[in-house]
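Everything below concerns the one structure shown next.
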Amino acid sequence: MYAQRSAESLMRRARKSSLPLIPDTLRQLGDLFEQGNLNRYQVNDEIIYKGCVEDTNGNHYIIFASQIMTNNALSIYFTFLHADYTFRITPSKPKSYQLLVLHGISIPEYLWS
12 MYAQRSAESL MRRARKSSLP LIPDTLRQLG DLFEQGNLNR YQVNDEIIYK
62 GCVEDTNGNH YIIFASQIMT NNALSIYFTF LHADYTFRIT PSKPKSYQLL
112 VLHGISIPEY LWS
């Protein structure tokens with residue numbers, strides 16, 4: 012038997028050792044995805060990493076999306092569509108500045124009457 016704190020410590024260490032080190036830049040993170048080192052991030056067996064793009068100022072952006080979820084979203088009339096973004100709560104490493112998430116809510120018309 013071992014104490015709960017020991018178990019938590021062992022689990023954190025095991026999880027940390029199962030992943031590559033956190034890269035310093037978004038470009039390096041994109042490289043890890045492109046090399047297949049982070050294929051565990053999937054939705055319905057689809058890898059959600061879609062690419063790393065660079066703008067004219069040399070800034071990099073990571074794109075995550077699910078084609079299945081995108082296709083479903085495009086086939087539904089949304090009652091509400093929300094954009095949720097943050098500038099303050101983003102990963103410190105690699106240095107990030109903004110996270111954008113789109114949420115769609117579809118409520119059948121018969122529920123409105």
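According to this note's numbering, the sequence shown is numbered sequentially starting from 12.
We put the CB at the ideal spot given by N, CA and C, even for glycine.
For residue i, three-class secondary structure by DSSP
{"i": "L32", "result": "coil"}
{"i": "Q46", "result": "coil"}
{"i": "G115", "result": "strand"}
{"i": "A147", "result": "Missing from the structure shown is residue 147; the chain here goes from 12 to 124 and no further."}
{"i": "Q109", "result": "coil"}
Whole-angstrom distance between residue j and residue i, CA atom to CA atom
{"i": "Y108", "j": "H114", "result": "20 Å"}
{"i": "G47", "j": "L40", "result": "11 Å"}
{"i": "S20", "j": "K104", "result": "22 Å"}
{"i": "P34", "j": "K106", "result": "9 Å"}
{"i": "Q15", "j": "R23", "result": "12 Å"}
{"i": "A94", "j": "L110", "result": "10 Å"}
{"i": "R99", "j": "F75", "result": "20 Å"}
{"i": "L49", "j": "I87", "result": "31 Å"}
{"i": "L85", "j": "D56", "result": "20 Å"}
Residue from the options whose Cα sits closest to the Cα of residue i
{"i": "S77", "options": "D66, Y60, E65, V64", "result": "Y60"}
{"i": "G69", "options": "S28, N82, E45, T36", "result": "T36"}
{"i": "C63", "options": "Y72, I118, Y88", "result": "Y72"}
{"i": "S29", "options": "V112, R51, I87, E57", "result": "R51"}
{"i": "L43", "options": "P31, V54, Q53", "result": "P31"}
{"i": "F91", "options": "D56, S117, N82, M80", "result": "S117"}
{"i": "V54", "options": "Y96, I79, N83", "result": "I79"}
{"i": "I58", "options": "F89, E45, P102", "result": "E45"}
Continuous alpha helix (DSSP H) stretch holding residue i: start and end
{"i": "T81", "result": "78 to 85"}
Start-to-end residues for the beta strand (DSSP E) that takes in residue i
{"i": "K61", "result": "60 to 65"}
{"i": "I73", "result": "71 to 75"}
heavy atom of the ligand MG below 7 Å from residue i C-beta
{"i": "R26", "result": "The ligand MG is absent from the structure shown, which contains no ligand whatsoever."}
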